[in-house]
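Visitor: Residue numbers (my numbering), protein chains in the order written: chain Z, 90 to 517; chain C, 90 to 517.
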């Protein structure tokens with residue numbers, strides 16, 4: 090936000106798509122990038138590796154160095170040019186990355202360069218990291234992940250909240266990210282609207298899921314809960330969200346975890362990021378039986394996932410609590426406004442935190458459920474489900490995902506703990 | 090927001106203060122203003138009439154026409170130049186006025202002209218309207234006011250909410266008004282922070298109020314409730330607020346009511362506007378005995394105020410309900426997403442509205458209480474209290490105001506109705 094080069098401009102430049110040749114000459118023209126390759130591009134290889142829906146990503150490497158170069162063109166990649174989007178989305182992504190890098194440096198890739206005119210973001214190339222979703226489908230365990238992501242969540246959500254920021258600074262950031270309307274519109278429509286109405290964009294395994302889908306689209310209590318969650322997403326400016334924190338936005342090794350692609354970033358309720366993550370872990374949980382074979386029934390991997398979710402939540406609350414206790418320098422509940430160290434006051438502050446975390450848990454479980462539904466019956470599905478080739482097996486998993494999500498949204502009482510949420514998994 | 094001339098600019102112009110002569114030649118140079126005076130300024134009289142803290146207001150009139158011309162200089166008027174403020178505040182005010190005028194045309198003055206460079210806003214001169222606060226101090230009743238202001242509140246709050254606006258439009262407005270940080274900082278500090286800590290800016294009738302002030306500044310439960318209300322003000326982007334809707338921001342006759350001066354405008358919780366208004370009416374209620382004389386003990390005026398508050402709340406909920414039932418075209422609870430007209434769905438929607446109004450009531454009562462406290466012991470007091478010359482009489486009123494406000498903030502259970510709130514007035 091402080092870097093003039095990342096300020097969005099009113100008249101969007103129309104960047105030209107790079108190819109191998111033009112990208113090389115671009116690098117040659119940028120001394121700090123050129124230097125990464127020892128000012129010699131003769132052995133540099135360039136491959137387009139993007140598998141996302143919106144942008145192009147180039148892998149640029151020689152024997153000694155590697156960069157990821159992401160270009161946003163003025164349309165959605167998936168649409169082949171039919172769906173127009175402003176290039177400004179890459180500026181929002183860059184500014185969000187910078188903010189998260191500041192707050193959780195170990196868990197966010199390094200940025201080398203951003204060029205508004207070319208709509209180009211140059212980052213470290215993460216290797217040998219893989220997309221976490223793919224690792225989970227393969228049944229790979231990530232022993233450090235819960236610790237990493239709970240730190241990321243606590244630092245980024247606390248650090249961009251009114252607990253940490255002065256109101257003027259936070260309002261300035263809200264003003265900036267509120268302009269990320271194009272991608273927010275996608276979030277709002279694909280997660281909260283289309284799956285719950287009759288929309289041509291929805292797709293699900295038919296006819297196996299028909300009954301469940303029509304039932305949930307006519308379930309008044311459930312629709313009201315989803316409308317409330319959408320309302321909270323639209324109105325509660327609690328923290329700067331990644332806003333697309335699924336397991337495909339996380340790159341991992343056994344020892345490292347990096348959160349990428351925050352192009353949907355906007356201020357919203359803290360539980361949204363946590364919920365989207367948990368929802369995707371739960372989807373993977375329910376698909377594990379489909380990946381079982383005679384050597385591995387994946388039961389232990391399912392246990393691993395449930396533990397992981399508990400550890401993430403517990404880690405988040407512990408780390409958030411530490412930040413709350415010592416770093417409340419912002420506009421809300423400012424430490425120095427509560428200098429009275431009486432037992433009463435300290436107890437009242439602790440109670441306020443407990444209530445706040447309780448509210449985040451309710452939001453998180455709600456957003457987890459909406460994510461599970463939209464990934465099963467909405468427009469954008471996930472590999473965990475789509476890679477199951479056997480139709481019967483796949484629809485079985487989808488049914489379980491939907492049943493669980495519906496039971497979460499229909500739940501009348503607050504979840505007292507993350508365990509109460511996980512206990513909603515129906516026993517067989 | 091759509092008018093380029095009202096867009097704020099990065100480099101603030103430093104407007105020169107007008108005097109009679111320069112203002113006349115300015116009008117002469119603006120054909121549409123000049124025409125209002127039949128292109129003849131020879132009989133025009135100009136008087137500076139501003140009594141606010143921040144700006145200058147000129148009354149410009151001849152026998153046939155009258156205008157109010159408000160100029161914001163790059164400092165606070167009250168400070169005599171010591172406290173710098175950007176002139177941009179007048180652009181926020183102008184854009185808020187335009188928005189409220191669109192939504193509640195009868196209750197907002199007409200705008201004739203806005204000049205960014207001169208930091209000048211030209212509006213209709215309201216006559217014979219007087220500031221409502223002054224009327225109430227005199228014991229004047231306004232039989233139409235509850236109807237007027239409840240329409241204003243319902244139309245403006247609903248009309249700038251996600252119930253009415255598409256998310257992209259609303260986010261654009263949030264982006265714009267989030268930049269009104271200077272005046273928001275005043276709101277945040279004067280209402281929610283200073284009165285509850287040891288601050289040199291506070292002032293109260295000493296020593297009469299000392300005990301109560303120190304008690305509330307050390308009341309853990311009360312401070313926590315105020316911190317929660319501040320947090321909601323900082324994070325809940327529900328609607329575009331006037332954000333300073335006290336009885337000094339309303340001009341009235343027996344048949345007309347006009348809301349002026351929305352320079353503090355920002356998105357926030359709907360209950361904030363309603364609460365500030367109710368808080369100021371309650372302050373006036375508690376000061377009425379000090380204005381009693383042998384001809385009028387003001388008891389009937391006190392009854393009038395309590396009725397007025399009930400009528401405002403009831404009118405607001407009725408009008409908001411009508412809008413909710415028929416005008417939900419925005420991003421939240423959109424009518425067309427709930428086309429199912431089953432009893433279940435209609436009941437669920439009604440329940441959601443009831444819950445929403447219940448939440449607004451809790452916010453409104455909380456903000457009413459913080460307003461009553463800050464106007465009694467904070468930096469900016471009100472005439473209702475300050476005009477009471479007898480120290481003992483004044484401190485008696487202030488004590489009652491504080492006691493009532495504290496009882497509201499300490500109340501553990503939700504208020505089920507506005508009547509439950511009013512019943513907290515201690516019987517004598």
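Positions of the beta carbon are idealized from the N, C-alpha and C atoms, including for glycine.
Which residues in the same chain have their Cβ closer than 7 angstroms to the Cβ of residue 241(C), if we skip the five residues on either side of it in sequence?
Guide: To locate residue 241(C), count along the second chain from 1; it is residue 152. Around residue 241(C): 193, 196 and 348.
Visitor: Shorter than 7 angstroms from the beta carbon of residue 277(Z) to some beta carbon of chain C?
Guide: Within the first chain, the letter at position 188 stands for residue 277(Z). Yes, because at least one Cβ of chain C sits closer than 7 angstroms to the Cβ of residue 277(Z).
Visitor: Please list the terminal residues of the continuous alpha helix (DSSP H) segment that includes residue 435(Z).
Guide: Translated into positions along the first chain, residue 435(Z) becomes position 346. That run of the alpha helix (DSSP H) goes 432 to 466.
Visitor: Which two residues bound the contiguous beta strand (DSSP E) that contains residue 159(C)?
Guide: In the second chain, the residue the question calls residue 159(C) occupies position 70. Taken as a continuous stretch (DSSP letters only), the beta strand (DSSP E) holding residue 159(C) covers 155 to 160.
Visitor: Just tell me which of 199(Z), 225(Z) and 227(Z) has its CA closest to the CA of residue 216(Z).
Guide: On the first chain, position 127 is the one that residue 216(Z) refers to. Ranking 199(Z), 225(Z) and 227(Z) by Cα distance to residue 216(Z) puts 199(Z) first.
Visitor: Can you tell me where the alpha helix (DSSP H) holding residue 124(Z) begins and where it ends?
Guide: If you number the first chain from 1, residue 124(Z) lands on position 35. Per DSSP, residue 124(Z) belongs to the alpha helix (DSSP H) from 120 to 125.
Visitor: For residue 221(C), verify whether its CB is less than 6 angstroms away from any heavy atom of the ligand ZN.
Guide: You won't find the ligand ZN in this model; it holds no ligand whatsoever.
Visitor: If you measure beta-carbon to beta-carbon, which residues of the stretch 404 to 421 of chain C are closer than 8 angstroms to chain Z?
Guide: Residues 420 and 421.
Visitor: Just to confirm my understanding: we take residue 263(Z), look at its own chain, exclude 5 residues before and 5 after, and list those with CB closer than 6 angstroms. What are they?
Guide: For the purposes of this step, residue 263(Z) is identified with residue 174 of the first chain, where counting begins at 1. 326 and 356.
Visitor: What is the residue span of the beta strand (DSSP E) that residue 513(C) lies within?
Guide: As a position in the second chain, residue 513(C) is number 424, starting the count at 1. Residue 513(C) -> no beta strand (DSSP E), and no H or E assigned at all.
Visitor: Quick one: which chain C residues come within Cβ less than 7 angstroms of residue 324(Z)?
Guide: Residue numbering aside, residue 324(Z) sits at position 235 when the first chain is read from its first letter. Going along chain C in sequence order, the residues near residue 324(Z) (Cβ under 7 angstroms) are 251, 325, 326 and 327.
Visitor: Please give the ranges of any alpha helix (DSSP H) in the stretch 295 to 355 of chain Z, keeping only runs that are unbroken, at least 4 residues long and fully inside the region.
Guide: Counting only runs of 4 or more, we get 299 to 306 and 309 to 324.
Visitor: Would you say residue 146(C) faces chain Z, with C-beta separation under 7 angstroms as the test?
Guide: The count along the second chain starts at 1 and reaches residue 146(C) at position 57. It does not; no Cβ of chain Z falls within 7 angstroms.
Visitor: Going along chain Z, which residues have a C-beta under 7 angstroms from residue 486(C)?
Guide: In the second chain, residue 486(C) corresponds to position 397, counting from 1. Those do not exist, as residue 486(C) stays about 28 angstroms from chain Z at its closest Cβ, beyond 7 angstroms.
Visitor: Measure the C-alpha to C-alpha separation of residue 261(C) and residue 203(C) and round it to an integer number of angstroms.
Guide: Working through the second chain from its first residue, we reach residue 261(C) at position 172. Working through the second chain from its first residue, we reach residue 203(C) at position 114. If I take the Cα positions, the gap works out to 21 angstroms.
Visitor: Under a CB-based cut-off of 7 angstroms, is residue 320(Z) close to chain C?
Guide: Against the first chain, residue 320(Z) aligns to sequence position 231. Residue 320(Z) counts as touching chain C.
Visitor: Could you confirm whether any beta carbon from chain Z is found closer than 7 angstroms to the beta carbon of residue 463(C)?
Guide: On the second chain, residue 463(C) is found 374 positions in, with the first residue counted as 1. Not closer than 7 angstroms to any Cβ of chain Z, the Cβ of residue 463(C) fails to qualify, so no.
Visitor: Could you tell me which chain C residues have their CB closer than 8 angstroms to the CB of residue 437(Z), listed as they occur along the chain?
Guide: Residue 437(Z) sits at position 348 when you count from the first residue of the first chain. Ordered by position in chain C, the residues that pass the 8 angstroms Cβ test against residue 437(Z) are 309, 310, 312 and 313.
Visitor: For a quick check, are the C-beta atoms of residue 464(Z) and residue 398(Z) less than 7 angstroms apart?
Guide: As a first step, residue 464(Z) must be located in the first chain, where it is residue number 375. As a first step, residue 398(Z) must be located in the first chain, where it is residue number 309. No, the Cβ-Cβ distance between residue 464(Z) and residue 398(Z) is not below 7 angstroms.
Visitor: Taking the alpha carbon of residue 212(Z) as the point to measure from, which residue in 140(Z), 412(Z) and 122(Z) has its own alpha carbon closest?
Guide: Position 123 of the first chain, counted from the first residue, corresponds to residue 212(Z). The candidate whose alpha carbon is nearest that of residue 212(Z) is 122(Z).
Visitor: Taking only runs that begin and end inside the stretch 193 to 280 of chain Z, name each unbroken beta strand (DSSP E) of 3 or more residues, in chain order.
Guide: Complete beta strand (DSSP E) runs here, min 3: 200 to 204 and 209 to 213.
Visitor: Any beta-carbon of chain C closer than 7 angstroms to the one on residue 469(Z)?
Guide: Walking along the first chain from the start, residue 469(Z) turns up at place 380. Answer no: the Cβ-Cβ gap between residue 469(Z) and chain C never drops below 7 angstroms.
Visitor: Does DSSP put residue 90(Z) in a helix, in a strand, or in coil?
Guide: Here residue 90(Z) refers to the residue found at position 1 of the first chain. With a pLDDT of only 40 at residue 90(Z), under the threshold of 50, the placement of this residue in the model should not be trusted; the figure read from the coordinates follows. In this structure, residue 90(Z) counts as coil in the three-state DSSP scheme.
Visitor: For residue 257(Z), return the contacting residues in chain C, with the cut-off set at a CB-CB distance below 9 angstroms.
Guide: Counting from 1 along the first chain, the entry for residue 257(Z) is found at position 168. Correct list: 270, 271, 273 and 274.
Visitor: Report the rounded CA-to-CA distance for residue 95(Z) versus residue 131(Z), giving the unit in angstroms.
Guide: Looking up residue 95(Z) in the first chain gives position 6. Looking up residue 131(Z) in the first chain gives position 42. In this prediction, residue 95(Z) has a pLDDT of 42, which is less than 50 and means its spatial position is unreliable; nothing more can be read from the coordinates.
Visitor: Compare the Cα-Cα distances from residue 344(C) to each of 236(C), 159(C), 319(C) and 139(C) and report the closest residue.
Guide: Taking the first residue of the second chain as 1, we reach residue 344(C) at position 255. Selected option, being the one with the closest Cα: 236(C).
Visitor: Identify the contact partners of residue 155(Z) in chain C, using a Cβ-Cβ distance below 9 angstroms as the criterion.
Guide: On the first chain, position 66 is the one that residue 155(Z) refers to. Near residue 155(Z) there are no residues of chain C at all, since even the closest Cβ is about 37 angstroms away, more than 9 angstroms.
Visitor: Residues of chain C with CB closer than 8 angstroms to the CB of residue 267(Z), please, in chain order.
Guide: On the first chain, position 178 is the one that residue 267(Z) refers to. 260, 261, 263, 264 and 267, listed in chain order.
Visitor: Using a Cβ-Cβ cut-off of 7 angstroms, state whether residue 280(Z) counts as contacting chain C.
Guide: Indexing the first chain from 1 puts residue 280(Z) at position 191. For residue 280(Z), the answer is no, since every Cβ of chain C falls outside 7 angstroms of its Cβ.
Visitor: Short check: CB of residue 374(Z) to CB of residue 394(Z), under 7 angstroms?
Guide: Translated into positions along the first chain, residue 374(Z) becomes position 285. Translated into positions along the first chain, residue 394(Z) becomes position 305. Closer than 7 angstroms, so yes.
Visitor: Residue range of the beta strand (DSSP E) that residue 134(C) falls in?
Guide: The sequence position of residue 134(C) within the second chain is 45, counting from 1. Start and end: 134 to 137.
Visitor: Short check: CB of residue 266(C) to CB of residue 354(C), under 7 angstroms?
Guide: The sequence position of residue 266(C) within the second chain is 177, counting from 1. The sequence position of residue 354(C) within the second chain is 265, counting from 1. Yes.
Visitor: So is residue 426(Z) in contact with chain C if we call contact Cβ pairs under 7 angstroms?
Guide: As a first step, residue 426(Z) must be located in the first chain, where it is residue number 337. Yes, contact with chain C.
Visitor: Between the stretch 434 to 449 of chain Z and the stretch 303 to 313 of chain C, do three or more beta carbon pairs fall short of 8 angstroms?
Guide: Result yes; three or more Cβ-Cβ pairs closer than 8 angstroms.
Visitor: Going by the CB atoms, is the gap between residue 408(C) and residue 519(C) shorter than 7 angstroms?
Guide: Chain C is shown from 90 up to 517; residue 519(C) falls before or after that span and cannot be answered.
Visitor: Please report the straight-line C-alpha distance between residue 152(Z) and residue 319(C), rounded to a whole angstrom.
Guide: In the first chain, the residue the question calls residue 152(Z) occupies position 63. In the second chain, the residue the question calls residue 319(C) occupies position 230. Approximately 56 angstroms between the Cα atoms of the pair.
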